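Chemist:
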Amino acid sequence: MASVVLKSLCKTFNKVNAVNNINLEIRDKEFMVLVGPSGCGKTTALRMIAGLEESTSGEIWIGDRVVNDVSPADRDIAMVFQNYALYPHMSVYENMSFGLRLKKVPTGSNVPLLNQKRAFTNEQIDRRVQEAAEMLGLRPLLQRKPKELSGGQRQRVALGRAIVREPKVFLMDEPLSNLDAKLRVQTRAELIKLHRRLGITTVYVTHDQVEAMTMGDRIAVMSNGIIQQCDTPLNLYHHPANLFVAGFIGSPAMNFLTVNVTSIGSDVIIDGGSFKVTLPPSRAEAARSHVGKTCLFGIRPEDIYDSTLPGLIAATDTNTIAVDVDVVEPLGSDVVMYLKAGDTNFIGIIDSASTAKTGDSIRVILDLEKSHLFDKETEQAIY
Ligand SMILES: Nc1ncnc2c1ncn2[C@@H]1O[C@H](COP(=O)(O)OP(=O)(O)O)[C@@H](O)[C@H]1O
Ligand SMILES: [Mg+2]
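For our numbering, add 9 to where a residue sits in the sequence shown, where the first one is 1.
#1: Where are the alpha helix (DSSP H) runs, 4 residues long or more, that stay fully inside the region 153-216, in chain order?
#2: For a test of the three-state rule: what should DSSP assign to Arg339, helix, strand or coil?
#3: If Val334 and Thr367 are in contact, beta carbons under 8 Å, what's the gap, nearest whole angstrom?
#4: On a Cα-Cα basis, can you pick out the residue from Phe22, Gly50, Gly67 that is closest to Asn32?
#5: Give the range of the alpha helix (DSSP H) segment to which Asp369 is assigned.
#6: According to the neighbour-count rule (16 or more other Cβ atoms, all chains shown, within 10 Å of its Cβ), is Val254 buried or exposed?
#7: Grouping DSSP H, G and I as helix and E and B as strand, with all else coil, what is Asp315?
#8: In whole angstroms, what separates the C-alpha of Glu175 from that of Glu140?
#9: On the three-state DSSP scale, how would you describe Gln389?
#10: With a threshold of 16 other CB atoms inside 10 Å of the CB of Ile273, please say whether the residue is buried or exposed.
#11: Please confirm if the region 141-156 is in contact with the region 100-114, defined as three or more CB-CB distances below 8 Å between the two stretches.
#12: What does Met41 pair with, by DSSP beta-bridge criteria?
#13: Out of curiosity, what's the CA-to-CA distance linking Val336 and Phe179?
#14: Using the Cα positions of Asp312 and His299, report the straight-line distance between them to the nearest angstrom.
#15: Entirely within the region 250-315 and at least 3 residues each: give me those beta strand (DSSP E) ranges in chain order.
#16: Exposed or buried, which one is Tyr96 when buried takes at least 16 other CB atoms within 10 Å?
#17: Below 8 Å on the Cβ atoms is my contact criterion, and I expect Ala324 with Ser370 to pass it. Report the Cβ-Cβ distance as a whole number of Å.
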């Protein structure tokens, strides 16, 4: 078993900082997700851990050694790619066993390749392949060729090939992207079960925040080659450190409203021009430093309530605002409401018991305990 530690890791391609000074500690047995939009440097970071890409500067630790100069084959990692990369002319069994058959006992570099001893006997290889096939439900398919398999089955073969190597670390780059939506959700759950069972440290790359939220023990949110925040899914959701993380985590995305922060006596007021709310004491304390400034007020769609419905949060003058309902989209147990306060547009996810229709003027409650405030210049969270 092993931890993976990245210290001041950088990668520059022709002056582009693909990975810009990343520091990250992935604990032994942890399932760490790297998530961020396309082009933010996820694949580059993963390929550096794998040894497929040389780092420009910084250190990569796997377990108790620095592996910057260790070849990919000797890093004790196994990588699973989005496109599976199976050999088309080999059976499932051969695809899964190929890497093990090639593996040699480490010897001095002066020994010719042909004279090097194989690391595993046929019996050992067979045991590992059969075990992995059993785990992944591939037993009946071992003699098939990749073209005779569905996308989901091919993905499992790719996983099986990684598992038989019994690596210290799994590296996975968008392994579910080529599957259709339903299979993706199923395979997601299978991967989590597999991780629980094998307990192998995993670094999992995805651009999909839902995948990240459902799979990660912790999530490192990346943009522009930088880790914006690394924390548990719930901490990222409840305490985003900045505007980027707040907007990236959660669907539909958090509403951001441009507001002035003002005060009357000890009250701190969020003034959006066409609406005003008074912050509860727990929030007012942090926001007080920004009185007199223009800020971005964040409220998630799921923290907005129709004031006419019974609920946990009582409507008061200080947490309720008047809005017009633009559009209502049914979602099942909830509806998505496109709301408007003056010129300010935002989205609410409202209990479908609400009778509000397009064109109605209603009052909504904002759960201010769950609101957020961001500095407009630095984009850092104020609370
Ligand atoms: N081999 C390469 N040569 C030049 N630029 C590259 C190369 N690989 C990646 N990049 C650039 O590095 C940045 C990060 O890419 P990548 O790590 O693939 O992002 P992600 O996996 O998050 O989509 C992008 O701007 C991309 O164009
Ligand atoms: Mg990528």
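Glycine included, each C-beta is placed from N, C-alpha and C at the ideal position. Note that this is a predicted model, so its numbers are computed, not measured.
Modeler: Let's see:
#1: List check, alpha helix (DSSP H) in window: 160-172, 190-207.
#2: Rather than Arg, the amino acid found at residue 339 in this sequence is Pro. The DSSP-derived three-state label of Pro339 is strand.
#3: Cβ atoms of Val334 and Thr367 come within 8 Å of each other, at about 6 Å.
#4: Comparing Cα positions, the closest option is Gly67.
#5: For Asp369, there is no enclosing alpha helix (DSSP H), as DSSP marks it with neither H nor E.
#6: Flag for Val254 reads buried.
#7: Strand at Asp315.
#8: Rounded to the nearest angstrom, the two C-alpha atoms are 11 Å apart.
#9: DSSP places Gln389 within a strand segment (E or B) once states are collapsed to three.
#10: When all chains shown are included, Ile273 counts as exposed.
#11: In the pairwise beta carbon analysis, the region 141-156 is classified as touching the region 100-114: at least three pairs are separated by under 8 Å.
#12: According to DSSP, which records beta bridges pairwise, Met41 is partnered with Val212, Arg227.
#13: One C-alpha to the other measures close to 45 Å.
#14: The alpha-carbon separation between Asp312 and His299 amounts to approximately 23 Å.
#15: Runs found: 264-273, 276-280, 285-287, 303-308, 313-315.
#16: A residue is called buried when at least 16 other Cβ atoms come within 10 angstroms of its Cβ; Tyr96 does not meet this threshold and is exposed.
#17: Not really, about 15 Å apart at Cβ, beyond 8 Å.
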